[in-house]
Structures are given as structure tokens and as C-alpha cells.
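Colleague: Below is one structure. I have some questions about it.
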Amino acid sequence: MPLLQLNGVTVADRLGPITATVEPGELIHLVGPNGAGKSTLLARMAGLSEGQGSIQLNEQPLEAWLPAALSLRRAWLSQQQLPPFAMPVWHYLQLHQPSPDAEQAMMRLAEALWLTDKLTRPVNQLSGGEWQRVRLAAVLLQIDPEANPLGQLLLLDEPMNSLDVAQQAALDRVLLAFCEAGIAVVMSGHDLNHSLRHAHKVWLLREGKMVAQGGRDLVLTPQNLAAAYQMPFRLLRIEGHSMLISPL
Numbered sequence: 187m188p189l190l191q192l193n194g195v196t197v198a199d200r201l202g203p204i205t206a207t208v209e210p211g212e213l214i215h216l217v218g219p220n221g222a223g224k225s226t227l228l229a230r231m232a233g234l235s236e237g238q239g240s241i242q243l244n245e246q247p248l249e250a251w252l253p254a255a256l257s258l259r260r261a262w263l264s265q266q267q268l269p270p271f272a273m274p275v276w277h278y279l280q281l282h283q284p285s286p287d288a289e290q291a292m293m294r295l296a297e298a299l300w301l302t303d304k305l306t307r308p309v310n311q312l313s314g315g316e317w318q319r320v321r322l323a324a325v326l327l328q329i330d331p332e333a334n335p336l337g338q339l340l341l342l343d344e345p346m347n348s349l350d351v352a353q354q355a356a357l358d359r360v361l362l363a364f365c366e367a368g369i370a371v372v373m374s375g376h377d378l379n380h381s382l383r384h385a386h387k388v389w390l391l392r393e394g395k396m397v398a399q400g401g402r403d404l405v406l407t408p409q410n411l412a413a414a415y416q417m418p419f420r421l422l423r424i425e426g427h428s429m430l431i432s433p434l
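Quick note on numbering: this note's numbering labels position 158 of the sequence shown as 344, and the sequence is numbered without any gaps.
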């Protein structure tokens, strides 16, 4: 049974119709040029915007879920968010705990994302990369499988923004652990080679339409990417690994 079922999902003049499914434990990457509809689609999947078509979570219409019940099952990272007033990092994370006894999960995620030494810092005094990691830790904590057994779905809009390569690798490890625990992750991004290495499935969008969807090797082909980005691509094999390049 799919965790999330999208049928003819449409937002006027911006998206659709999109029909797709999300299975438990899947890591799905949304890719495509700027303006392709990735953020619009993620917001619809999170239940934060309206449009035509239907989305079902656990075979129930998304709009039928009460906000409190929905927040226990899915977490959402927007592309941008300004830090609030001078609140310590630990307090900001505590606000996202699914239960009062989730302190251990909070500390584990803080360590995994290299935030342990930032916990007493005010969030409005963090660098861009530090604030992004705090935001990520907060949404991860919301549906952490050890702290919240009801957590099922993680929706991330460009989570790799402002992270250096080591921090990206740290996030990849956390997301893999979540998927292995049965949580589905749907995330947008622009690094096609990152998707080629890490995604289980890829949804490739252009101008609000689905160009291709399926396994990463089936979707991230030079032909599909040329159709989406309107430029040529080549797929190389280097020391046993695939790499996408553009000859331009």
C-alpha cells in the first residue's frame, strides 16, 4: 500500500497534472530547472496549499487530517525561513520535539549534524549553514523514528542549501537511517550527480509537468535531462561510478 498517493495534482498555471506514489522507506529526489514546480509540488504534498486533484496519506484524503495528527506523521522543511528572535538553539529544537521525553533524540540529531557546540547560541546569530542545519535537525526531530513511532514522511525543499560537502554527507547518513527505519523522504535539489548517487527514485519536472519518474538510472539519462533542461548532457563512467556532465 502506498504511503502517499497523488492523483492528477494540479495548481493553476504552475503545476500538473501530477500522478505518482510514495512508498515507505523511499528516498525520492525532485529535480528540474528553476521554476519547474518542485517547491509547489512539495507544498501541496505537505498539505500547505490548495489545488485540484487528490492526495491521500495512508488512504485518507490529506485535507481530512487534523493538523496535530498530520504533524506527527509528516515533517516539512521550507526552502527559506528567517530565524526567530534571540532564542537558543536548544530551545528552538525543543519546540519541535514530538513528546517531552525526546531529549535523547534531540541530542543524537544535534551530534549527527555537528550542532552540539551550537546548542546555547542564539539562532539569530548563526551563519547560513548553521541555521540550515538547525532547521534540518528540527524537522528531523519532529518525526524521528525513535522519538515518534507515528512518523512516516519527510518533505524537504532544497535541504542541501548552504551546507558544505562534509555537512551534506552527514545529512545523507541521517536520511539513509530514516529510510532504513521506514520513513519516506521526498526532497528537491539541483545536484544531479548527488541524485545519481543517493536517490532511490527521481521525479524530473519541467514547467510543472512530470518529464519522467522512476529509478534514478532510468530517469537521469542524457535524453530525459536534455528534454528538461534544454541543453545536452553526457553520462560518463569514471572508476566504476556514473557521472553526468554537460559539454557546454
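Even for Gly, the Cβ is constructed at its ideal location relative to N, Cα and C.
Return no unless some Cβ of chain C is closer than 8 Å to the Cβ of A206.
Modeller: This model lacks chain C altogether, as it is built from one protein chain only.
Colleague: Which partner residues does M438 have in the DSSP bridge list?
Modeller: An answer regarding residue 438 cannot be provided, because it is not within the stretch 187 to 434 covered by the chain.
Colleague: Whole-angstrom Cβ separation of S258 and L382, contact assumed at under 8 Å?
Modeller: Looking up residue 258 in the sequence shown gives position 72. Looking up residue 382 in the sequence shown gives position 196. With the sequence shown as reference, residue 258 is identified as Leu, and Ser is not the correct amino acid for it. No, L258 and L382 are not in contact; Cβ-Cβ is about 33 Å, not under 8 Å.
Colleague: How about G314 and S348: do their beta carbons lie closer than 8 Å?
Modeller: Locating residue 314 in the sequence shown gives position 128, where the first residue counts as 1. Locating residue 348 in the sequence shown gives position 162, where the first residue counts as 1. For G314 and S348, yes; Cβs fall inside 8 Å.
Colleague: When you compare only the Cα positions, how much space is there between G194 and T205?
Modeller: Here residue 194 refers to the residue found at position 8 of the sequence shown. Here residue 205 refers to the residue found at position 19 of the sequence shown. Going by the C-alpha atoms only, they are around 5 Å apart.
Colleague: Along the chain, where does the alpha helix (DSSP H) containing L327 start, and where does it finish?
Modeller: Position 141 of the sequence shown, counted from the start, is the residue given in the question as residue 327. Looking at the DSSP string, the run of the alpha helix (DSSP H) that includes L327 is G314 to Q328.
Colleague: Name the two residues that bound the continuous beta strand (DSSP E) containing I196.
Modeller: Taking the sequence shown and counting its residues from 1, one reaches residue 196 at position 10. Here residue 196 is Thr; the residue named in the question, Ile, does not match the sequence. If you look at T196, you'll find it in the beta strand (DSSP E) that goes L190 to V197.
Colleague: Rounded C-beta distance between Q328 and H282? I'm assuming under 8 Å.
Modeller: Your numbering for residue 328 matches position 142 in the sequence shown. Your numbering for residue 282 matches position 96 in the sequence shown. Yes, they are in contact, since the Cβ atoms of Q328 and H282 sit about 5 Å apart, within 8 Å.
Colleague: Mark T302 as exposed unless 16 or more other C-beta atoms lie within 10 angstroms of its C-beta, in which case mark it buried.
Modeller: Indexing the sequence shown from 1 puts residue 302 at position 116. By the 10 Å Cβ count, T302 comes out exposed.
Colleague: Would DSSP call W300 helix, strand or coil?
Modeller: The residue given as residue 300 occupies position 114 in the sequence shown. Correct three-state label for W300: coil.
Colleague: On the DSSP bridge assignment, give the partners of Q265 in chain order.
Modeller: The residue given as residue 265 occupies position 79 in the sequence shown. None, per the DSSP bridge assignment.
Colleague: Whole angstroms are fine: how far does the CA of L190 sit from the CA of P210?
Modeller: The residue labelled residue 210 in the question sits at position 24 within the sequence shown. The residue labelled residue 190 in the question sits at position 4 within the sequence shown. Their backbone Cα atoms lie some 9 Å apart in a straight line.
Colleague: Rank N310, L299, S240 and R321 by C-alpha distance to the C-alpha of Q441 and give the top, closest one.
Modeller: Summary: the structure shown does not reach residue 441, with the chain confined to residues 187 through 434, and so no result is reported for it.
Colleague: Taking DSSP's pairing of strands, which residues face G401 in a bridge?
Modeller: To locate residue 401, count along the sequence shown from 1; it is residue 215. BP columns for G401 point to K387.
Colleague: My understanding is that K450 touches I241, with C-beta atoms under 8 Å, so please give their C-beta distance in whole angstroms.
Modeller: Here the chain has residues from 187 to 434 only, and residue 450 is not among them.
Colleague: Do V325 and L340 count as a contact pair if the criterion is CB distance below 8 Å?
Modeller: Numbered from 1 along the sequence shown, position 154 holds the residue referred to as residue 340. Numbered from 1 along the sequence shown, position 139 holds the residue referred to as residue 325. Yes, the pair counts as a contact, with Cβ atoms nearer than the cut-off.
Colleague: Return the bridge partner residues of P274 from the DSSP annotation.
Modeller: By 1-based counting over the sequence shown, the position of residue 274 is 88. According to DSSP, which records beta bridges pairwise, P274 is partnered with P308.
Colleague: Identify whether A356 lies in helix, strand or coil by the three-state DSSP scheme.
Modeller: The residue you call residue 356 lines up with position 170 of the sequence shown. In the structure shown, A356 sits in a helix (DSSP, three-state: H, G or I).
Colleague: Short check: CB of I389 to CB of L216, under 8 Å?
Modeller: Along the sequence shown, one-based indexing puts residue 389 at 203. Along the sequence shown, one-based indexing puts residue 216 at 30. Before going further, note that residue 389 is Trp rather than Ile in the sequence given. Yes, Cβ-Cβ distance for W389 and L216 is below 8 Å.
Colleague: Determine the direct distance from the alpha carbon of T207 to that of A298, and round the result to whole angstroms.
Modeller: For the purposes of this step, residue 298 is taken as residue 112 along the sequence shown, with counting starting at 1. For the purposes of this step, residue 207 is taken as residue 21 along the sequence shown, with counting starting at 1. In a straight line, the C-alpha of A298 is about 30 Å away from that of T207.
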